[in-house]
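As structure tokens, the structure follows; a few thoughts come after it.
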Amino acid sequence: MYYFNLPNSVIYSSLSYCNSYFLKILRFLRFILGILFLLFTTLSLISFFAKEPNEIIFGAFFLVFSFFILIVALEAFLKLKVKNPKIPADSNNIADFLSFESAQIVDHAAKSAKRFGINSANPSALIWALASKSDVFDFILIRLLINKKDFQKNLEGYFKNLKSLENEIAVFGKIMEEAKKRSAEKDRRRIETEDIICALAQNDPFLEKFLVESDLHPRDIIGLAEWNERKRYFLAEKRKFWEYKNLVRWGSIGNDWGAGYTITLDEYGTDWTKIIQKEGYPDIIGYKSEIEQAERILSNPEINNIMLIGDPGVETKNIVFALTKKSALSESLPPVNNKRVVELRLPSLLAKMESLDQVELALEAIFKEVISAGNIILVIDDFHSYVEKEHRPGAINISAILSTYLPYPQFQFIALTNYQGLHQNIELNPSLLNFFVKIETREPSKEETFSMLEKLVPALEAKYKRFVSYQALKQIVDLCERYITNLPFPRKAKDILDEVIVKVTASKKLWVLPQDVDELISQKTEIPVGKIETQEKETLLNLENLIHKRIINQEEAVKEVSFALRRARSQIVARKAPMGTFLFLGPTGVGKTETSKALAEIYFGSEDRMIRLDMSEFQNVTDIPRLLGSFDQEGFLTTKVRERPFSLILLDEIEKAHPNILNLFLQVLDEGHLTDGMGRKTDFRSTIIIATSNAGYKIILKALKENKTMDKTKEFLLDDLFQRGTFRPEFINRFDAVVLFKPLTPKNLLDIVGLQLEKIKKGLAEKHIELVITPQVKERVVELGYDITFGARNIKRVIQDKIEHSLAEALLRGEMKRGDKIYVDSVSFEVKHMT
């Protein structure tokens with residue numbers, strides 16, 4: 149069982165020794181000798197340039213210099229040994245495992261606790277010590293845009309109001325145990341400052357309260373601690389210049405002397421080995437499984453040619469960079485180590501050659517050089533562009549000449565392509581494809597993408613003189629995953645980082661904040677993201693009233709849709725599915741489509757935001773490519789959603805679609821995405837999906853005549869639809885709500901007529917003609933158009949045939965002019981002037 153006791157630990161004696169008189173005397177001697185060294189250096193230079201060398205001065209210079217080096221070396225050696233005491237093999241004291249810096253923090257925390265009159269085991273005292281002494285904690289506060297003085301003032305107030313903390317010793321011990329556990333997980337023997345910070349982030353009561361008030365999460369503290377840890381580790385490894393992996397960075401000529409010349413390849417190739425060496429062998433984040441797979445394939449003596457496949461933006465070439473680095477540093481498998489990775493620039497070769505024969509001769513020379521050199525891994529990017537079977541102007545097919553060399557074990561080859569190029573060009577040549585082992589490049593995770601952004605931030609901050617907050621970086625990754633679906637990670641996140649810094653620079657602001665990211669994502673996607681603005685809040689809270697300005701009756705449908713939108717926009721529960729999914733059932737002409745149009749206009753901004761599909765056009769399985777797309781055509785649904793992810797999708801007459809097409813929507817309704825005909829994922833999470841159907845409307849009419857409730861009517865209707873096989877239960881259950889639209893009564897139709905005539909009135913008002921709508925004309929329209937089966941459809945026809953036609957004729961005859969006040973007669977529908 150572990151316990152914690154700093155005074156009884158081996159590291160505590162190191163703390164005492166580093167503050168001992170012996171080291172203080174050493175530091176004093178180093179200071180005095182340093183001054184003397186500068187003095188005698190100056191005198192020696194004066195004596196040298198005056199051409200009057202003074203042996204005493206030079207002798208004193210070398211004597212002082214020798215003693216100065218001796219004292220510095222002695223002090224460094226003692227500190228090295230003192231700061232890293234041997235940990236007892238049988239130790240149960242967690243304090244024995246502290247690093248020197250961590251021990252200093254814990255010691256300072258105990259002294260600070262006495263100062264504030266609190267228990268020395270109070271975990272928040274560690275926070276005070278970190279804020280006072282730790283560069284790591286300073287880094288975290290700065291990245292979170294937290295003022296250090298305000299933080300300390302807040303902490304002081306906490307100490308003053310702190311009466312007691314229950315189980316302080318238990319909480320303190322738990323923090324130290326978790327810190328030790330984390331250090332062990334990181335394969336370290338000693339507990340570093342970052343380990344203590346991460347443990348505090350999850351257990352300290354003050355920090356928990358402060359993070360909540362600052363709209364932060366313990367994950368933010370942990371993420372920044374790990375960021376600093378990676379940075380510290382990188383610098384520490386770089387300082388170890390004597391290690392092989394650092395010495396080899398300077399390069400050598402031995403390997404080149406042992407290989408053949410590649411004159412033609414050097415002219416048309418890019419040597420990634422030299423580029424990686426100049427860049428200091430940077431770390432490549434992610435792609436671990438793909439890199440290991442590539443190493444194994446290149447080591448295979450039979451088939452050692454790789455086809456790397458990935459969507460544009462996945463940055464497949466990073467795998468090549470990682471292989472290049474590992475090969476150069478001899479960290480890969482023996483058949484891959486010490487190889488030159490060279491990319492053949494085919495566009496440059498094609499541009500310089502005058503004929504296809506010359507191109508083939510150059511390629512022959514290059515491929516022969518690769519084999520004879522014996523230390524080349526050849527790479528061709530956009531490989532699909534050079535193996536097309538169709539002869540386009542300027543196109544070339546190298547598959548025949550390449551196939552001659554691919555079987556050779558000495559010919560190690562990497563082809564880079566994407567899925568579209570693979571299916572359209574490469575798969576049409578199976579004999580060529582048989583020479584390759586395919587590696588599909590997965591999209592990096594959010595965590596890997598975030599680490600990639602971490603590496604980019606310092607250079608971008610130096611370039612634009614702007615500071616990127618941690619919250620902004622996190623927002624970039626989160627919102628890119630949620631809203632930018634037409635590009636994969638890491639490209640989309642890198643693009644947004646570049647754009648947001650440029651945007652902030654143009655606005656003369658000094659910090660990149662989360663709201664800057666929100667604004668940019670909103671502009672690019674036309675999706676409202678971030679905090680809900682006042683206008684949008686009012687729209688959401690008054691959605692029912694706004695929809696009812698266009699929709700008469702149908703309270704249930706309007707209520708269901710409004711509730712769903714409020715839930716989705718407030719993000720109380722994270723959901724994979726679209727923002728809302730509804731099945732509208734009811735007779736024709738009762739407002740199902742009109743409700744959808746109203747919602748598109750009110751919430752999405754325009755009726756143009758509605759993607760309408762007449763599902764009666766998709767009655768066969770062969771219609772699926774028209775819906776999802778293929779390599780020959782764009783998908784009617786997927787393409788529009790990719791172009792406008794923030795839209796309302798109306799699936800009209802859903803019951804007429806083929807059952808297999810309905811099955812496609814099961815994934816959309818449940819998971820919020822659909823894979824198109826080209827293997828791309830289309831995201832539906834920012835859409836509302838409304839399916840309409842008038843199947844079983846006679847049951848609704850019959851039930852209402854029998855005065856049955858809407859719940860009973862819905863139950864009877866669904867049972868009938870299941871028995872007839874119109875819909876399957878698993879399809880219906882995927883919708884957020886199945887909403888019944890009731891037939892319209894004559895009173896409802898009177899209100900609808902009023903809405904329709906108001907539109908005509910507004911149109912005439914633009915021509916400065918006033919139309920008076922009389923109750924008699926509304927009643928007459930309802931009388932002529934009322935039909936319980938067709939709802940408001942006949943009403944629209946009556947208004948068009950009687951009123952709109954009459955007004956149009958009067959306008960063309962000149963019977964109406966600017967300033968007139970008119971009405972329509974309820975019997976003859978003639979246009980008459982008001983007296």
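Numbering (my numbering), first residue to last: 149 to 983. The beta carbon of each residue, even a glycine, is placed where N, CA and C say it ideally should be.
Anyone know if the C-beta pair for Leu-456 and Ile-344 falls short of 9 Å? no
Closest Cα partner of Asn-232 within the set Ser-239, Asp-244, Asp-238, His-696: It is Asp-244 whose Cα lies nearest to the Cα of Asn-232.
Quick test of your reading: Ile-294 and Ser-250, contact by CB under 8 Å. State the CB separation rounded to the nearest angstrom. Taking 8 Å as the upper bound for CB-CB distance, Ile-294 and Ser-250 are not in contact here, some 22 Å apart.
Contacts around Glu-749, its chain only, beta-carbon distance under 6 Å, and the 5 residues preceding and following it disregarded: Glu-755
Alpha carbon of Asn-351 to alpha carbon of Val-652, nearest angstrom: 36 Å
Going by the CB atoms, is the gap between Ile-797 and Phe-766 shorter than 9 Å? Cβ distance not < 9 Å, so Phe-766 and Ile-797 don't count as in contact.
Straight-line Cα distance separating Lys-707 from Leu-604: So the alpha carbons of these two residues sit roughly 48 Å apart.
Which listed residue (Val-886, Tyr-934, Pro-606, Arg-792) has its alpha carbon closest to that of Glu-704: Val-886
Alpha helix (DSSP H) runs contained entirely in the segment 873-937, provided each spans 4 or more residues: Segments of the alpha helix (DSSP H) lying fully in the segment 873-937: 877-880, 894-913, 923-933.
Return the first residue and the last residue of the alpha helix (DSSP H) that Asp-255 is part of. 248-264
Leaving aside the five residues before and after Phe-879 along the sequence, list all residues of the same chain whose C-beta is less than 7 Å from its C-beta, in chain order. Leu-810, Leu-814
Out of Asn-156, Ile-525, Phe-299, Asn-690, which has the shortest C-alpha to C-alpha gap to Asn-240? For the residues Asn-156, Ile-525, Phe-299, Asn-690, the minimum Cα distance to Asn-240 belongs to Asn-156.
Local Cβ density within 10 Å of Val-975, reported as buried at 16 or more and exposed below that: When all chains shown are included, Val-975 counts as exposed.
Could you have a look at Ser-362 and say whether DSSP puts it in helix, strand or coil? coil
Own chain residues within Cβ distance below 7 Å of Ser-260, not counting five before or after: Ala-273, Trp-276, Ala-277
Start and end residues, beta strand (DSSP E) containing Lys-311: Segment: none, Lys-311 is in no beta strand (DSSP E) and carries neither H nor E.
Per-residue burial, Pro-891 [other beta carbons within 10 Å of its own, 16 or more giving buried]: buried
Give a yes or no on whether the C-beta atoms belonging to Leu-785 and Leu-822 are separated by under 9 Å. yes
Measuring only the C-alpha atoms, how far is Arg-488 from Val-518? 10 Å
Pick from Tyr-429, Gln-572, Ile-847, Gly-783: whose alpha carbon is nearest that of Ser-533? When C-alpha distances from Ser-533 are compared across Tyr-429, Gln-572, Ile-847, Gly-783, the shortest belongs to Gln-572.
Please determine if the segment 638-657 and the segment 461-480 are in contact, where contact requires at least 3 C-beta pairs separated by less than 8 Å. yes
Given a cut-off of 9 Å, decide if Phe-559 and Phe-515 are closer than it, judged by their beta-carbon atoms. yes
Please report the straight-line C-alpha distance between Glu-863 and Leu-688, rounded to a whole angstrom. 30 Å
Closer than 7 Å by C-beta to Asn-842: which residues in its own chain qualify, once you throw out the five before and the five after it? Chain order, please. Gly-734, Pro-735, Thr-736
Ordered list of alpha helix (DSSP H) runs contained in the segment 275-351, each at least 4 residues: 283-291, 296-309, 316-333, 341-351
At least 3 beta-carbon pairs within less than 8 Å: the segment 314-331 vs the segment 264-271: yes
Name, in chain order, the residues that DSSP records as bridge partners for Ala-563. Met-455, Ile-528
Three or more C-beta pairs closer than 8 Å, one from the segment 371-384 and one from the segment 281-295: is that the case here? yes
So the beta strand (DSSP E) Phe-245 belongs to, where does it begin and stop? Where Phe-245 is concerned, there is no enclosing beta strand (DSSP E), given that its DSSP letter is neither H nor E.
Assuming contact is defined by CB atoms lying nearer than 9 Å, are Leu-947 and Gly-933 in contact in what I supplied? Note on identity: in this sequence residue 947 is Ile, with Leu being the wrong assignment. Contact flag set, yes.
Please name the residue or residues paired with Ser-841 in a DSSP beta bridge. Leu-733
Keeping to the same chain, check which residues put their C-beta closer than 8 Å to that of Phe-938; ignore five residues upstream and five downstream. Pro-735, Thr-736, Gly-737
Ser-593 versus Asp-626, Leu-498, Val-616, residue with shortest Cα-Cα distance: Asp-626
Compute the Euclidean distance between the alpha carbons of Lys-850 and Gly-844, then round it to the nearest angstrom. Taking the straight line from one Cα to the other gives about 10 Å.
Based on the DSSP output, what are the partners of His-821 in its beta bridges? Asp-831
Work out the CA separation of Leu-747 and Val-585 for me, nearest whole Å. 51 Å
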